[in-house]
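Engineer: One structure, as structure tokens, below. Some questions next.
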Amino acid sequence: MRDVSIIGIGQTAVGEHWEKSLRMLAYEALDAATRDAKIERVDALYVGNMLSGELTKQEHLGALIADFAGLRGIEAMKIEAACGSAGAAFRVGYAMVAGGMQDVVAVMGVEKMTDQEASLTTSALAMAADAEYEALQGLSFVGINALLMRRYMHEHGYKKEDFAQFAINAHANAVNNPNAMFRSAITAKQFADAKPIAEPINLLDSSPIADGAACVILAPTAMAKEFTDKAIRVRASAVATDTVAVHDRRDPLYLEGGAISAQKAYAQAGIGPWDLDLFEVHDAFTIMSALSLEAAGFAPRGKGVALALDGQIGIGGRMPITTMGGLKARGHPVGATGMYQIVEVVLQLRGEAGANQVRDARLGMAQNIGGSGATVVTTILERI
Amino acid sequence: MEVARYWRTTKQRYELVGETCPNCNMKIFPPRDVCPNCQQLAKTPQAFSGSGEVYSFSTIHNAPEGFEKYAPYTVALVRLSEGPLITAQLTDVDDQDVYVGMPVEMVTRALREDGERGMIVYGYKFRPAFGVAGASSQAVAVDVRAPQAAGQREVVIAG
Numbered sequence: 009m010r011d012v013s014i015i016g017i018g019q020t021a022v023g024e025h026w027e028k029s030l031r032m033l034a035y036e037a038l039d040a041a042t043r044d045a046k047i048e049r050v051d052a053l054y055v056g057n058m059l060s061g062e063l064t065k066q067e068h069l070g071a072l073i074a075d076f077a078g079l080r081g082i083e084a085m086k087i088e089a090a091c092g093s094a095g096a097a098f099r100v101g102y103a104m105v106a107g108g109m110q111d112v113v114a115v116m117g118v119e120k121m122t123d124q125e126a127s128l129t130t131s132a133l134a135m136a137a138d139a140e141y142e143a144l145q146g147l148s149f150v151g152i153n154a155l156l157m158r159r160y161m162h163e164h165g166y167k168k169e170d171f172a173q174f175a176i177n178a179h180a181n182a183v184n185n186p187n188a189m190f191r192s193a194i195t196a197k198q199f200a201d202a203k204p205i206a207e208p209i210n211l212l213d214s215s216p217i218a219d220g221a222a223c224v225i226l227a228p229t230a231m232a233k234e235f236t237d238k239a240i241r242v243r244a245s246a247v248a249t250d251t252v253a254v255h256d257r258r259d260p261l262y263l264e265g266g267a268i269s270a271q272k273a274y275a276q277a278g279i280g281p282w283d284l285d286l287f288e289v290h291d292a293f294t295i296m297s298a299l300s301l302e303a304a305g306f307a308p309r310g311k312g313v314a315l316a317l318d319g320q321i322g323i324g325g326r327m328p329i330t331t332m333g334g335l336k337a338r339g340h341p342v343g344a345t346g347m348y349q350i351v352e353v354v355l356q357l358r359g360e361a362g363a364n365q366v367r368d369a370r371l372g373m374a375q376n377i378g379g380s381g382a383t384v385v386t387t388i389l390e391r392i
Numbered sequence: 035m036e037v038a039r040y041w042r043t044t045k046q047r048y049e050l051v052g053e054t055c056p057n058c059n060m061k062i063f064p065p066r067d068v069c070p071n072c073q074q075l076a077k078t079p080q081a082f083s084g085s086g087e088v089y090s091f092s093t094i095h096n097a098p099e100g101f102e103k104y105a106p107y108t109v110a111l112v113r114l115s116e117g118p119l120i121t122a123q124l125t126d127v128d129d130q131d132v133y134v135g136m137p138v139e140m141v142t143r144a145l146r147e148d149g150e151r152g153m154i155v156y157g158y159k160f161r162p163a164f165g166v167a168g169a170s171s172q173a174v175a176v177d178v179r180a181p182q183a184a185g186q187r188e189v190v191i192a193g
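Protein chains in written order, with our numbering: chain Y, 9 to 392; chain E, 35 to 193.
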């Protein structure tokens, strides 16, 4: 297997891009990444996306984006794993380069969500769950997370307000991210007063739907120096799965897929969780931050929220998370989110994170989750 | 919901028929034919009693397409007395009265309607078990379209 590095990154701002189509967003991110890598052509393109068929009536994104980006003829395809789609696309591109099948590969995530009515987007997102035994009962994706949050509060004795710190931290970090959707800080009072979506989850527990695209260029580390002096090495890439339906889990409050995925990644990198300098966590809802921190080994069961309450998740904290705003405040264009996470880790490791720079960051991890934990993609990156 | 898909899943939706694993005795709902515990073939039908208790619950305000007119409504994870967890709506109860651990029982109700001319989809919901606080007089206000007993399949496809 060949060692693989990221030689270029690109992203569009996350938000409501009514003036831009899905293919235009994809092209912008790809163009930015190839310019950053100072290359003109890639050998292959892997596109992470969840909802283009349902919301844009467009599938076949591999060929479509390759064509519209001026890459007609190359190998290209779409990879889908619900909100974990972009992480999964990264995994496929990584395997192609590591295995010697391709040399220079673009992996991207793209999602266009804001063209449709909210109820259609809500039912489309519920496709990440079990259609026959969760969605048919009228359960929304927010609802699934609400069931987890209520039970977590019941078992571990937390109040709703205890989850506020995850959202406050994400918003504080997004202020300094020019590509974030919500560049405004929030207060504990605003969190407490936010309108309920699916109790106990309120608006400020939840990440927003959005449009966006992000892209990275992969190449063998041995070749990376030809292109750039700021290559970031892929130290680990791992995928694990769990049941799609929450009711089928052995213990709904334990993200088994998250734990397996993180353990595989730690083993590949030869490190433990606390060797990391930052962790881009999949904070689709505040409860997912808590469960992810526990599954990835940063806190014992029931103590993920305590980590936030103790002030350990900020930029200067013991384990900085959502350093550029996370899903909560950067925004959550579902099938693109995993690539934003990776782009943000690269910015930190290059020392290009501006006011949010984690001091002397050398090792960073991104964990991209499909559904409520059914697909978990963990990526560990290192400054060379 | 498509007619064939509706027909395929009637036994589990009307009668809570799942499976039991002949190898490890695990009780399985919904049916999946392969035991999630020991990975052996598990096709022995098992009808669940429909009694259980609330494991967790939430009130949905922003409903998915097809459920808008029912919002707000309460969904729950229910721990069936035989063991499995099941996702279902709660009915005949005010969400303020629901609590984790509340005893509930299965009833058959309309789940959704696919528009004016589409199918009415029936299936399981859960209501407070008889004699439980919160199982108020609302419990008799049954949706008139609901079949009176499981098995009356000819009444469930309307329009």
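Glycine residues also receive a C-beta, built at the ideal position from the N, C-alpha and C atoms.
1) For N57/E and T44/E, I'd like the C-alpha separation in whole angstroms.
2) Going by C-alpha distance, which of A74/Y, K46/Y, K238/Y, A94/Y is nearest S245/Y?
3) With the cut-off set at 8 Å, would you say I62/E and C72/E are in Cβ contact?
4) Roughly how many angstroms lie between the CA atoms of D219/Y and E352/Y, to the nearest whole one?
5) Who are R143/E's beta bridge partners in DSSP?
6) Taking a cut of 8 Å between CB atoms, which residues from the region 98 to 112 of chain E lie near chain Y?
7) Which residue's Cα is closest to the Cα of A5/Y: L59/Y, H179/Y, A200/Y?
8) Counting along the chain, where does the alpha helix (DSSP H) carrying A3/Y start and finish?
9) In terms of DSSP beta bridges, what is R257/Y paired with?
10) Quick one: is Q145/Y buried, meaning 16 or more other Cβ sit within 10 Å of its Cβ, or exposed?
11) Run through chain E and tell me which residues come within less than 8 Å of L144/Y, C-beta to C-beta.
12) Which term fits F160/E, buried or exposed, when burial requires 16 or more other beta carbons within 10 angstroms of its beta carbon?
13) What's the gap between the Cα of L79/Y and the Cα of L72/Y?
14) What does P65/E touch in chain Y if you count any residue whose Cβ is under 8 Å from its own?
15) Chain Y partners of F164/E, CB-CB under 9 Å?
16) Just mark S83/E as buried or exposed, buried being the case when its beta carbon has 16 or more other beta carbons within 10 Å.
17) How close, in whole Å, do the beta carbons of E119/Y and L59/Y come, if the pair is a contact with beta carbons under 8 Å?
18) Is S171/E close to chain Y? Criterion is C-beta to C-beta, closer than 8 Å.
19) Any idea if F199/Y is buried or exposed, counting beta-carbon neighbours within 10 angstroms, 16 or more meaning buried?
20) Take V30/E and list the residues in its own chain whose beta-carbon comes closer than 6 Å to its own, dropping the five residues that flank it on each side.
21) In the DSSP assignment, what are the bridge partners of L389/Y?
22) In whole angstroms, give me the CA-to-CA distance for Q172/E and L145/E.
23) Strictly under 8 Å for the Cβ-Cβ distance: is Y141/Y near chain E by that measure?
24) Using the Cα positions of K28/Y and G117/Y, report the straight-line distance between them to the nearest angstrom.
25) Quick one: residues in its chain with C-beta nearer than 7 Å to the C-beta of F76/Y, no 5 flanking neighbours on either side, listed in chain order?
26) Expressed to the nearest angstrom, what Euclidean distance is found between the alpha-carbon atoms of P204/Y and A105/E?
27) Taking M347/Y and V12/Y to be in contact with their CB atoms under 8 Å, please state how far apart those CB atoms are, rounded to whole angstroms.
28) With DSSP collapsed to three states, give me the class of Q130/E.
29) Could you please give the first and the last residue of the uninterrupted beta strand (DSSP E) stretch that includes Q123/E?
30) Quick one: is V141/E near chain Y, going by C-beta distance under 8 Å?
31) Can you tell me whether DSSP reads T129/Y as helix, strand or coil?
32) So, for G117/E: in the same chain, excluding its five sequence neighbours on each side, which residues have a beta-carbon less than 7 Å away from its beta-carbon?
33) With a threshold of 8 Å between beta carbons, is D256/Y in contact with chain E?
34) Which residues does DSSP pair with P186/Y in a beta bridge?
35) Quick one: grab the DSSP three-state call for K233/Y.
36) Using the C-alpha atoms, what's the distance from V138/E back to Q271/Y?
Structural biologist: So, from the data block:
1) 26 Å
2) A94/Y
3) no
4) 17 Å
5) G157/E
6) P98, E99, G100, F101, E102, Y104, Y107, V109, A110, L111
7) Absent from the model: residue 5/Y. The displayed extent of chain Y is 9 to 392, so no value can be given.
8) Residue 3/Y cannot be examined here, being either before or after the span of chain Y that is shown, 9 to 392.
9) The partner list for R257/Y (beta bridge, DSSP) is empty, contrary to what the question assumes.
10) buried
11) M35, L145, R146, V155, G157
12) buried
13) 10 Å
14) Neighbours of P65/E on chain Y: none; closest Cβ ~10 Å, over 8 Å.
15) Within 9 Å Cβ-Cβ: nothing; F164/E doesn't reach chain Y, min ~23 Å.
16) exposed
17) 6 Å
18) With a pLDDT of 44 at S171/E, under the threshold of 50, the modelled position of that residue is not reliable, and no figure is offered here.
19) buried
20) For chain E, the structure presents residues 35 to 193; residue 30/E sits outside this window and is missing.
21) V242/Y, G372/Y
22) Summary for Q172/E: the model assigns pLDDT 46, below 50, so the residue's position carries little reliability; its value from the coordinates is reported in the next sentence. Q172/E and L145/E: Cα-Cα distance of roughly 18 Å.
23) yes
24) 16 Å
25) R31, Y35
26) 13 Å
27) At roughly 16 Å, the Cβ-Cβ gap does not stay under 8 Å, so M347/Y and V12/Y are not in contact.
28) helix
29) 119 to 123
30) no
31) helix
32) K61
33) yes
34) Its beta-bridge partners do not exist; DSSP assigns none.
35) helix
36) 39 Å
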